[in-house]
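At position 241 of the sequence shown the residue is numbered 241 (UniProt numbering), and the sequence of numbers has no breaks. All C-beta atoms, glycine included, are put in the ideal place defined by N, C-alpha and C. A short write-up of the structure that comes next.
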Amino acid sequence: MLGVKWAPLNTPLQRRLQTLAVVVWFVTFVFGGFIAWVVLALAAMYTRFWWLVLAYLAYMFLDRNTSEEGGRRSGWVRRWAMWRYFCSYFPITLVKTAELDPKRNYLLCAYPHGIISTGAFGAFGTEAAGVSTVFPDMESVLVTLPQHFASPFVRDLALGVGAVSSSRKSITNILRHPDGGRMAVLMVGGAAESLLSRPNKYHIILRRRQGFCRLALQEGTPLVPVFSFGENNLYDQVDNPRGSRLHRFQELLRRRIGLAPVLPIGRGLFQYSFGLAPRRMPVAVVVGAPVAVDRVAEPTDEQIADLNRRFEDALVKLFETHKETYHPGQDIQLTIE
């Protein structure tokens, strides 16, 4: 009807709940901060609960450093039924290809970023994909932008799922955990890579990312390649080739605010043709073998570049080994810059 592919009226309730969970997740993390500030402002100005608003803002101020000091992970939040519906929607699966020593800390470097890192969130930010079973005696810690911790209520949810700020101080705190058993999950390509996301294509940013290699060398932390097969199929986006006015404008905003203003093309709650919700496509988050790193207090540029090359080799090997499993019969290539 009208060129729109509508969802069948007899869609099972289970699938409706899965779609609802995904929509709520997207709205919360993309628009939740703005909505929360508006609600707090209205409550402060037009209701008798202004004192609750002030109390919450005071709590936010006093709690402002938590995201850089290890976070505040909640097993209860990570086990919410909502996340089971969320992961079942695609579905998201977590695949281990090598053992990790629970006495050590690791920096998991995940690709691709996609539009909003859906696979990494489901696999490592919730228990719905079984991360605690797949990696017993290990705790996964999502590393995300500091902006998420400046938004009322959204910050508390982010902390609850085990996320921390992407600042150097924050990541270092995780990698130095004295008991080991921590997996810091970093989307190395960052917001810039989301502008490159296209279905059935993997264009990632790695070679010009040196900071994670420097940090790994300084801490002597092994790097673990992670690849989310199917991540880029969840969304398309408005055509924005490099050099176009739209892409230049998006890059300008990204540099100013730290977030990429992507114009995604997904699906809606009741139709499949357009919308902001991700498409129902499988995502397999495959964790590779760790790349050994010797501790170097003051690494040289050559040592950093060498580690970057070794990590790239490990990531490419992981991709080539598993791409036929998750993209059978497709000529899928990995483009690295």
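Residue i vs residue j beta-carbon contact at 9 Å
i, j, result
"residue 338", "residue 70", "For the chain, the structure presents residues 1 to 337; residue 338 sits outside this window and is missing."
"residue 218", "residue 310", "no"
"residue 247", "residue 337", "no"
"residue 281", "residue 234", "yes"
"residue 222", "residue 286", "no"
"residue 184", "residue 108", "yes"
"residue 187", "residue 111", "yes"
"residue 140", "residue 162", "yes"
"residue 236", "residue 266", "yes"
"residue 21", "residue 82", "yes"
"residue 160", "residue 84", "no"
"residue 224", "residue 92", "no"
Helix, strand or coil at residue i according to DSSP, with G and I counted as helix
i, result
"residue 106", "strand"
"residue 321", "helix"
"residue 137", "coil"
"residue 236", "strand"
"residue 263", "coil"
"residue 4", "coil"
"residue 118", "helix"
"residue 292", "coil"
"residue 272", "coil"
"residue 142", "strand"
"residue 228", "strand"
"residue 257", "helix"
"residue 284", "strand"
"residue 336", "strand"
"residue 277", "strand"
When the options are compared against residue i, the one with the closest alpha-carbon
i, options, result
"residue 318", "192, 278, 134 and 227", "227"
"residue 54", "326, 39, 329 and 16", "39"
"residue 148", "185, 113 and 34", "34"
"residue 306", "165, 142, 213 and 116", "213"
"residue 260", "24, 30 and 16", "30"
"residue 94", "119, 154, 293 and 100", "119"
"residue 145", "175, 334 and 116", "116"
"residue 205", "277, 312, 266 and 290", "312"
"residue 61", "127, 78, 326 and 155", "155"
"residue 129", "78, 26, 323 and 304", "78"
"residue 100", "264, 327, 134 and 72", "134"
"residue 210", "191, 300, 328 and 150", "300"
"residue 191", "175, 150 and 143", "143"
"residue 66", "92, 97 and 167", "167"
"residue 263", "303, 304, 284 and 114", "114"
"residue 6", "20, 271, 332 and 243", "271"
"residue 68", "232, 171, 17 and 303", "171"
"residue 17", "252, 90 and 177", "90"
Inter-residue spacing [alpha-carbon to alpha-carbon] between residue i and residue j
i, j, result
"residue 230", "residue 196", "15 Å"
"residue 152", "residue 36", "6 Å"
"residue 189", "residue 10", "41 Å"
"residue 279", "residue 250", "23 Å"
"residue 179", "residue 136", "14 Å"
"residue 181", "residue 158", "21 Å"
"residue 346", "residue 52", "Outside the displayed range of the chain (1 to 337) lies residue 346, so it cannot be described from this structure."
"residue 330", "residue 274", "25 Å"
"residue 42", "residue 102", "48 Å"
"residue 125", "residue 13", "25 Å"
"residue 334", "residue 193", "13 Å"
"residue 58", "residue 75", "25 Å"
"residue 340", "residue 277", "There is simply no residue 340 to check, as the chain begins at 1 and stops at 337 in what is shown."
"residue 80", "residue 298", "43 Å"
"residue 169", "residue 45", "37 Å"
"residue 123", "residue 245", "36 Å"
"residue 104", "residue 164", "19 Å"
"residue 255", "residue 208", "16 Å"
"residue 97", "residue 288", "5 Å"
"residue 175", "residue 220", "9 Å"
"residue 26", "residue 32", "9 Å"
"residue 48", "residue 19", "36 Å"
"residue 238", "residue 198", "10 Å"
"residue 327", "residue 320", "11 Å"
"residue 325", "residue 257", "38 Å"
"residue 290", "residue 88", "28 Å"
"residue 23", "residue 56", "26 Å"
"residue 138", "residue 243", "44 Å"
"residue 232", "residue 121", "14 Å"
"residue 308", "residue 332", "23 Å"
Residue i at chain B interface by Cβ criterion, 9 Å
i, result
"residue 47", "In summary, chain B is missing from the structure at hand, where a single protein chain is found."
What runs of the beta strand (DSSP E), each 3 residues or longer, lie entirely inside the region 146–225? 163–165, 182–187 and 202–204
Whole beta strand (DSSP E) runs in the region 18–98 with 3 or more residues, listed along the chain? Counting whole runs of 3 or more residues, the region 18–98 contains the beta strand (DSSP E) stretches 92–96.
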